[in-house]
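One structure is given below, encoded as structure tokens.
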Amino acid sequence: MIRFAAVILAVLLLASGSRGEEGEPPRIFLEKKIFEETSTGRKNFYEVHTVSKGESLWRILSGKSPLFPADYPSMLREFRRANPDVKDPGRLAPGQKILVPAGIGMKTARLIRTGKTVAYRVRKGDSLTGILTTKGVRRKDLSGYLDAVKEVNDSIRDVDAIIAGTTVLVPTEEYFGKKPEIVAGQPSEAQTPVIAPAPSAARKSPAPEPSAVALARDVAPPSGGEAPPKAKPDSRVVAPAPPPDKVLPAPSAVALTRDAIPEPGVEPLSAAKPETRVEVPAPPAPESFAVLSGQKAKEPASSALPQPKPPYRGLLSDLAGGLGEKWVDRGTLYLPVPAGGEVVLNLEEYPVVRFSGGIHALIDFRGALPDEVRRLITETWKNYRVVPMDGASGAEDMIGRLLDASGYHSAKEGITHPPVIGEAVSVTLPARWVVLRTSQSLLSGEIILVKKVPEKPDRELSAVLRYAERVGIRVLPFSYDPSANEGFLVGLDPAKKAAEETPGKALPQGGLEALDFSLDLLGIPKSEDKRIRIGGGAESFLLTVQLERFFEAGGKRFAVDTGKMSPALRAIIQNSGYSVFAVGKNEPGRSILQRVLAAAKIPVEERKTCLLAGGKERGFEVVATGTFFTSREWLARRKVREAVLVGGKVHSATRDLMREIDVEILEW
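Shown next as structure tokens:
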């Protein structure tokens, strides 16, 4: 349980507002310093500060003590814990009284105090590589030091981009060392500790180096209370020197000499100390990158090798973006808990997907989030779902876990019962998942297919995927490589426009227009207003007839009659070796085309659900029901694989799809 107390005396005055005023009563502190005692016994000290006009939280904190960008997250957490009534730390009102952390052991102070880092003020023209080189870091060690710079400076995301005027922490050789366990041995007169004296204390008793643990300030005890326990003096013990015949190579690190400054009231070390033995401790367990405030945090251990990238992280990020959801993997996530404190998560290790329905999916790639923290998050924040990815069998299992936590109306398997688009020409497109965001998605046409495809889809599959997009179905084609543990969404090239367009796409209703369409479709030449002569020579008469249309097909000559010929004239024309092709006023175009096909002797046949492209093994099917041309010679002249006549209206997207798979489709 966390409690606050004044160092000398703190009075919290709760006064009701004046008549007619509403809001929280003011808090008045009679003493400046207070402290917070946690359940672990650690005391954090605070000061009461009255906000002046123009002051920001950063300016206030930096005015109390030197502050680096890496300190700000920890300071902000302490500030929020001490000031729960401050809703927005970025907007402080003049005259407002706040508690400011003071004397707490923070990341930067600890790193500098233990000698693991030194502060450096960036000047114009500086680069991190140049700074490390001037500090004595060899070229082969630069990569490790640059990674360490990013670890100790939260504000540095890109090692090639630092800002002049800022202060950065530069790692030293001690940052990469391991903490030795010091075990006291037998006293030895020959072995004495070596301690660097302060400049002003030459030839005097050596002063101890400041401890790596922050010492609590000396404060007066509160009225009726006990004073905080006084910290024990720190000591520094140096291991015995190596034998003369063994020379250790000089490490490549930042040169750093630190003088021990004597603390007031702390006795110096004696002249002799027991012999020491250094033991290298076992490597610590991997960090979970999650902190529950109020618990004692472990000292992070430096790792020689970087953590491997979680499997299929890029694929999940691409998929979230393709679904129109927000993927958040930068910064720190703070989740307050009602009992006090907060859960602090590094979003680089625990990315969050913010779904449009209000669900936030917290992804735990390595399964490092403790069970109690996981339960605390889901029980406190009902819109959060923790999605563990450890133990997943592969990319598709991980995608399935994410979709299960999305809060969508439906995210079902779409292979056993795949979606089918169209009727006369139907496209079957099986998908690993068929996603419906809401209960109205099916009615509104908001259907999302998450489909596995090859890394480079072939021409026909690409055409089918583009077709689905054109008719209103969003397809997210993904591919992955199990050997690399990564995947991505597959992009599609735009369709190439046909060099030549067919003369017509739909058969006219009838008349000469239907006849002309049929002749052009079948490639039969025709003549308009052709004059033919009948008789002459030995005949006693000469008849000249002007025909509306004339064509030759199947070895015959056809004179077209739209009903204007008299029976006698028709008989004369037929007796002269011509065939009369009658085109009735009310005859439908389909009938006219069928008679032209018969006259030209071009074979056709009726087919149902004829496969035009794809197959189950290829992950899609394009089938059609209609009248198919079966003349290979005619199809070769048309430069198509198939040609089909279908009833009903054909969508332009369907026609483009047919063209891309070398099939000609016509409405009749």
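Heads up: the sequence shown runs through residues 566 to 1233, numbered per this note's numbering.
All residues carry an ideal CB built from backbone N, CA and C; glycine is no exception.
Check: Best match in ARG1197, GLY1213, VAL1145, LEU1077 for proximity to LEU1158 [C-alpha to C-alpha]; Outcome: LEU1077
Check: Cα-Cα separation, PHE1116 to ALA1189; Outcome: 32 Å
Check: ASN648 - DSSP class collapsed to helix/strand/coil; Outcome: coil
Check: Meets three-Cβ-pair contact criterion under 8 Å: the stretch 1128-1143 and the stretch 1162-1180; Outcome: no
Check: Identified DSSP bridge partners for LYS1291; Outcome: Outside the modelled stretch of the chain, which goes from 566 to 1233, sits residue 1291, for which no answer is possible.
Check: Range of the contiguous alpha helix (DSSP H) that encloses LYS715; Outcome: 707-717
Check: Residues of its chain near ALA1218, where Cβ-Cβ distance is below 6 Å and the 5 sequence neighbours each way are ignored; Outcome: TYR1032, ARG1035, VAL1036
Check: Check whether TYR1045 and TYR915 have beta carbons under 8 Å apart; Outcome: no
Check: 7 Å Cβ shell around SER1027 - same chain, five flanking residues per side excluded; Outcome: LEU1057, ASP1058
Check: Buried or exposed (CB count within 10 angstroms, at least 16 for buried), VAL990; Outcome: buried
Check: Completely contained beta strand (DSSP E) runs for the stretch 1126-1183, where each covers 3 or more residues; Outcome: 1144-1147, 1169-1180
Check: Residue span of the alpha helix (DSSP H) that contains ALA1079, given as start and end; Outcome: 1076-1087
Check: Selected residue, minimal CA-CA separation from GLY959, among ASP1094, LEU1001, LEU880, ARG646; Outcome: LEU880
Check: Cβ-based burial, GLY588 [other Cβ within 10 Å; buried from 16]; Outcome: Note that GLY588 scores 41 on pLDDT, short of 50, meaning its location in the model is unreliable; the coordinates nonetheless yield the value given after this. Classification for GLY588: exposed.
Check: Assigned exposure category for LEU967 - 16 Cβ within 10 Å defines buried; Outcome: buried
Check: Same chain, Cβ closer than 7 Å to PRO901, neighbours up to 5 away in sequence not counted; Outcome: GLU907
Check: Contact belief for VAL1040 with LEU1030 at Cβ below 8 Å, rounded distance in angstroms; Outcome: 5 Å
Check: Buried versus exposed call for THR673 [16 or more other C-beta atoms within 10 Å across all chains shown]; Outcome: buried
Check: VAL733 vs VAL687 beta-carbon contact at 8 Å; Outcome: yes
Check: Host alpha helix (DSSP H) of GLY965 (start-end); Outcome: 960-969
Check: Residues near LYS618 by beta carbon distance below 6 Å, same chain, minus five either side; Outcome: PRO659
Check: Bridge partners - THR1219, DSSP secondary structure assignment; Outcome: Bridge partners of THR1219: none, in fact.
Check: 8 Å Cβ cutoff met for PHE1193 and VAL1205; Outcome: no
Check: Test item: CB-CB of LEU1231 and LEU1072 under 8 Å; Outcome: yes
Check: Of the listed residues PHE920, VAL893, HIS925, nearest to ASN911 (C-alpha basis); Outcome: VAL893
Check: Residue range of the unbroken beta strand (DSSP E) whose run includes GLY695; Outcome: Taken as a continuous stretch (DSSP letters only), GLY695 belongs to no beta strand (DSSP E), being part of the alpha helix (DSSP H) at 693-699.
Check: Rounded separation between ILE980 and ALA970 - CA only; Outcome: 21 Å
Check: Buried or exposed (CB count within 10 angstroms, at least 16 for buried), SER1083; Outcome: buried
Check: Backbone CA spacing between TRP1233 and LEU1054 [nearest angstrom]; Outcome: 40 Å
Check: Spatially closest choice to VAL1018 from GLU961, HIS974, ILE986, ASP1085, by CA coordinates; Outcome: GLU961
Check: GLU988: first and last residue of the uninterrupted beta strand (DSSP E) it sits in; Outcome: Per DSSP, GLU988 belongs to no beta strand (DSSP E) and is neither H nor E.
Check: Contacting residues, own chain, Cβ-Cβ under 8 Å from PRO1047 (five flanking each side not counted); Outcome: GLY959, ALA960
Check: Opposing strand residues paired with ALA1208 [DSSP bridges]; Outcome: GLU1229
Check: Proximity of SER1006 and HIS982 at Cβ, strictly below 8 Å; Outcome: no
Check: Local conformation of ARG675 per DSSP, three classes; Outcome: helix
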